[in-house]
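Note sheet for the following structure.
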Amino acid sequence: MELIWINEVSVSFGGPRLLAGATLRIEAGERIGLLGRNGAGKSTLMKLLRGDITPDAGEIIRNGEVRIAMLPQDVPDDLPGTVYDIVAAGGREHLERLREYHDLTVQMSRSGDGSLLKKLAEVQHRLETSGAWLYHQRVEKVIAMIDIEEHAEFRLISAGMKRRVFLARALANDPDLLLLDEPTNHLDLSSILWIENFLLKFEKTIMFVTHDREFLQRLATRIVEIDGGRLSAFPGNYATYLARRQALREAQEKEWEKFDKKLAREEAWVRQGIKARRTRNEGRVRALAQMRREGARRQEQAGNVRLTIGEADRSGKVVVEATKISFAYDDEIIVDAFSTTIIRGDKVGIMGPNGIGKTTLLKILLGDLEPQQGRVRLGTGLQIAYFDQLRAQLDENRTLKDNIADGNDMVIVGGIARHVIGYLQDFLFPPAQILSPVSSLSGGERNRLLLAKLFMLPSNVLVLDEPTNDLDAETLELLEERLLDYSGTILIVSHDRAFLNNLVTSTIVFAGKGRIQEYVGGYDDWLRQQQTPGRATPQLRVGEGEILPPPPAPSRVSGQTSPGGRDGKPPQERQKLSYKETRELAGLPQTIETLEEERRCLITTLNSPAFYVNAGRDAVEIKKASHRLEALEEDLNAAYTRWNELENRAAKFNGKTA
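Counting from 1 along the sequence shown, just add 2 to a position and that's the residue number in our numbering.
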C-alpha cells in the first residue's frame, strides 16, 4: 500500500535548489536508506515529510491520516524528569493528565496512602474519556520494549539509553512512518546492535539517514539517493545499490564522452564563420547553445573530496612498546596488565563501549599519561597527528580560513605551498563559505574541516578518534582509500564495523574490568577468532552493565558473507578476497621474512656469551629479550596461519573461476 507520494517537489532556501522536481513513492513496510552528500537535502526531505516546511513547487500526497514520527540526530542530554516523563511528552495533549496519574501511582507505591485512591480514580476517569488512557498504555508498552526502568532519571542514564528513550518517544504515537536521522551516531557497538535488531523487528515503514554501512546493509530494503536535487530509487540492499550505481556511472561516463566529442565537433563547426549563421543552420546553432548549457550544468555538479595526507619521514621500526601497563581511576580499573607492540605501518583499531577507557588507553600509549604500573616505550622520530572526536582543535568563533591558515593566505601541504581557498575547495568548501565561522557548519562539514587541518600536518602516526561520524558514504570510502595508502602507523577508535573491516590489520578490544585483548584483523575477524573451538562467545558490555552478545556477523557491503552469516558457510568457504585481504596477503611474505630475520638475530644474540657480559648482568634486559623471542614465535605462528588461510581461499576462488 502506498503511504506517501512526493510528486515533482522543488525546494530552495535562496541558493541552489536542494530538491528540483523530485519524485518518490513510499510504500508501507519499507525500510528506506536515504543517501546523499552532506548538504544534499536529506534533512530537508524529512522536514517536508513531517510537514515542517512546504515545497516551493509540487505536492506531497498522503494516503489518509499518515502518522509520522522522528528520532532526531542530536538527543538532548539534560532534560529534567524520568524516562516515563520524556516518553509521554510526545503526546502533548495528554501530558498533564498522564503526569498527574503517574505521580499519584508512584506516591501510592511508596507510601501506601489509601486516601489517594479516590483522587486516582478521578484522574483515571478523565484519562479514559479523553483517550489519554490508551496513550498511557502505549507509553508503558514501548518503555517495556526498550527495556529500561521508567522511573530512572533521564539525565543520569547513558547516551545510548537516552537514544533508546527518544526512540520510544517517537514510537509512542504509533507512527506509520518512522524517520531516523543518524540513529547510530556517537553510539558504542552494543547500542548500535540493539537499535539494529530492534528496527529489524519493527513492522511499520522506516526512512533513515546513516553513515554506518553495515547498519545500512543489514536494514535497508530500498536505497534512495539524493543527487543534484533529484531522487533515485534502487530496490534491494546497500551492496545491490553499489553495484547498480557503478554500472550507471560507467554508462553515464560513456554518454558524457560521446557528448563531449559531439560538442567539440559543433564548436569547431561554428568557428568556421558566416556559413554557420545562415538561415538553414539556425537550428543547429540553437542546439549548440543548449549543449553548452547542459555542459555547464554538468560542471556545476558537486565534485569529489580530494584528500591528500601529508607524510613525514619514516619513524623508527617500533612505534610503541607497552609492557604490563595498568591504570585505574579511584577503584575503577581501566587497564589491567596490558602489553602490546605496535610496529611501523600497523593499522590498529580500538573497540569498546563508550566510557570504558579507550581514550585513556590512547593517552597512555602516546605518552601523554603515565601508567600506574608497567612501562611504555615510544619509538624514535614520531610525528603524531591527532583527530579529536569532540573537535576541540577547531575554534568555533574563528573562520574556516583562520582555523586552517591562522590568518595567512597560503598553507604548506606535502611540502608545496597552496592557497587556502584552493585547499579548502578540495574538501568541498566553496569560496563563499571560507570566511564563515566554524559555528555555522554542520557536523559533517566540521569533520571535513578537521580532516583538512589534520592532513595538512606532516605525520608518520595518525590517531583518529571516531573519524567517521557525520561523513557521507562517498567521503568515507575515499578516506578509507587514503588511509590504506598511508605508509605510517594508524590508531583508530571506531564503532564503524565496515570501516574497521576494510582498514585495520589488528584490533584491540576492551572486554570489561580492565581486561584488554588484541586480535588480528577487523571486526569480523574478531568475531571469527572468538567463535573458534575452545573460545567463549564474544560479548560487549552495554553502558548500564548489561551483557549483550553480538549477533552473527552481517554480510559485508562488498557482497561477501562473514562467518555465521546468512549463508552459514565457514570463513574458508567465502569466495573472493576483499581488497583489504588481498593487500594483506600480498604483504604477509615480507612480514614473515622480517619476523624470521628478527628471530634469527635474537636467537644468535641470546646464544652469545658476550650478550650477558655486555648487558651488565641486567636481568631485566635479559628477560626482555627472552619475552620478545616468545612474542616473535607467537607472531610467526599467527602470520603463517593467516597466510595459509588466505592462500587457500584465493586458490579455491581461482579454481572456481578458472
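Cβ coordinates follow ideal geometry from the N, Cα and C atoms, glycine included.
Unbroken alpha helix (DSSP H) run spanning residue i, endpoints
i	result
Asp229	Per DSSP, Asp229 belongs to no alpha helix (DSSP H); it is in the beta strand (DSSP E), Arg224 to Asp229.
Glu198	Leu191 to Lys203
Lys363	Sequence inspection shows Leu at residue 363; the Lys mentioned does not correspond to that position. Lys360 to Leu367 is the span of the alpha helix (DSSP H), which, as asked, contains Leu363.
Asp87	Val85 to Ala90
Ala170	Ala161 to Leu173
Under 9 Å between C-beta atoms of residue i and residue j
i	j	result
Leu451	Val495	no
Leu478	Leu443	no
Ile70	Leu180	yes
Ile344	Thr491	yes
Ala314	Ile327	no
Leu32	Ile208	Here residue 32 turns out to be Glu, not Leu, going by the sequence shown. Cβ distance < 9 Å, so Glu32 and Ile208 count as in contact.
Met147	Ala172	no
Leu597	Ala627	no
Leu459	Ala387	yes
Leu426	Ala454	yes
Val125	His153	no
Pro78	Lys164	yes
Val321	Val463	yes
Gly162	Ser192	yes
Thr643	Glu586	no
Arg140	Asn175	yes
Ile1	Phe329	Summary: the structure shown does not reach residue 1, with the chain confined to residues 3 through 660, and so no result is reported for it.
Ala222	Ile34	yes
Helix, strand or coil at residue i according to DSSP, with G and I counted as helix
i	result
Phe429	coil
Gly445	helix
Gln375	strand
His421	strand
Asp338	strand
Phe236	strand
Phe15	coil
Asp183	strand
Asn65	coil
Pro591	helix
Ser45	helix
Ile436	coil
Ile406	helix
Leu26	strand
Glu4	strand
Gly21	Sequence check: residue 21 is Leu here, not Gly. The answer is strand: DSSP assigns Leu21 an E or B state.
Ala304	Low confidence applies to Ala304: its pLDDT is 47, below 50, so where it sits in the model is not reliable, and the reading given next is rough at best. Ala304: coil per DSSP, three-state reduction.
Inter-residue spacing [alpha-carbon to alpha-carbon] between residue i and residue j
i	j	result
Leu218	Thr325	40 Å
Leu51	Tyr243	24 Å
Val440	Arg400	6 Å
Gly416	Ser461	10 Å
Lys264	Ala30	45 Å
Lys260	Gln292	16 Å
Ala633	Gly357	30 Å
Leu250	Leu26	19 Å
Pro573	Gly524	Low per-residue confidence applies at Pro573: pLDDT is 41, beneath 50, and the placement is therefore not dependable, though the value from the model is reported in the following sentence. Rounded to the nearest angstrom, the two C-alpha atoms are 14 Å apart.
Ile55	Glu198	29 Å
Glu142	Val85	11 Å
Val144	Glu155	17 Å
Ser150	Ala90	Per the sequence shown, the amino acid found at residue 150 is Ile instead of Ser. Cα-Cα distance, rounded: 14 Å.
Leu202	Trp196	10 Å
Gly359	Ser489	28 Å
Val350	Arg530	17 Å
Glu323	Gly381	8 Å
Ala419	Gly41	29 Å
Glu184	Asp404	30 Å
Asp670	Asp397	A query on residue 670 cannot be resolved here, the shown segment of the chain reaching from 3 to 660 and no further.
Leu445	Gly409	Here the sequence assigns Gly to residue 445, which means Leu is not the residue at that position. Approximately 24 Å, taken between the alpha carbons.
Leu309	Arg484	7 Å
Leu119	Leu106	9 Å
Thr186	Glu67	29 Å
Arg282	Val11	Model confidence at Arg282 stands at a pLDDT of 49, short of 50, so the residue's coordinates are unreliable and nothing is read from them.
Start and end residues, beta strand (DSSP E) containing residue i
i	result
Leu218	Taken as a continuous stretch (DSSP letters only), Leu218 belongs to no beta strand (DSSP E), being part of the alpha helix (DSSP H) at Arg215 to Leu221.
Leu37	Arg33 to Gly38
Phe329	Val320 to Tyr331
Phe156	Per DSSP, Phe156 belongs to no beta strand (DSSP E) and is neither H nor E.
Met72	Ile70 to Leu73
Thr207	Thr207 to Val211
CB contact below 9 Å: residue i versus chain B
i	result
Arg171	In summary, chain B is missing from the structure at hand, where a single protein chain is found.
Near the ligand GDP: residue i beta-carbon under 8 Å from a heavy atom
i	result
Ser341	Inclusion of the ligand GDP in the displayed structure is not the case, the ligand content being empty and no account of it being possible.
Complete beta strand (DSSP E) runs within the region 460-545 (minimum length 3 residues, chain order): Listed in chain order, they are 463-467, 491-495, 508-514 and 517-522.
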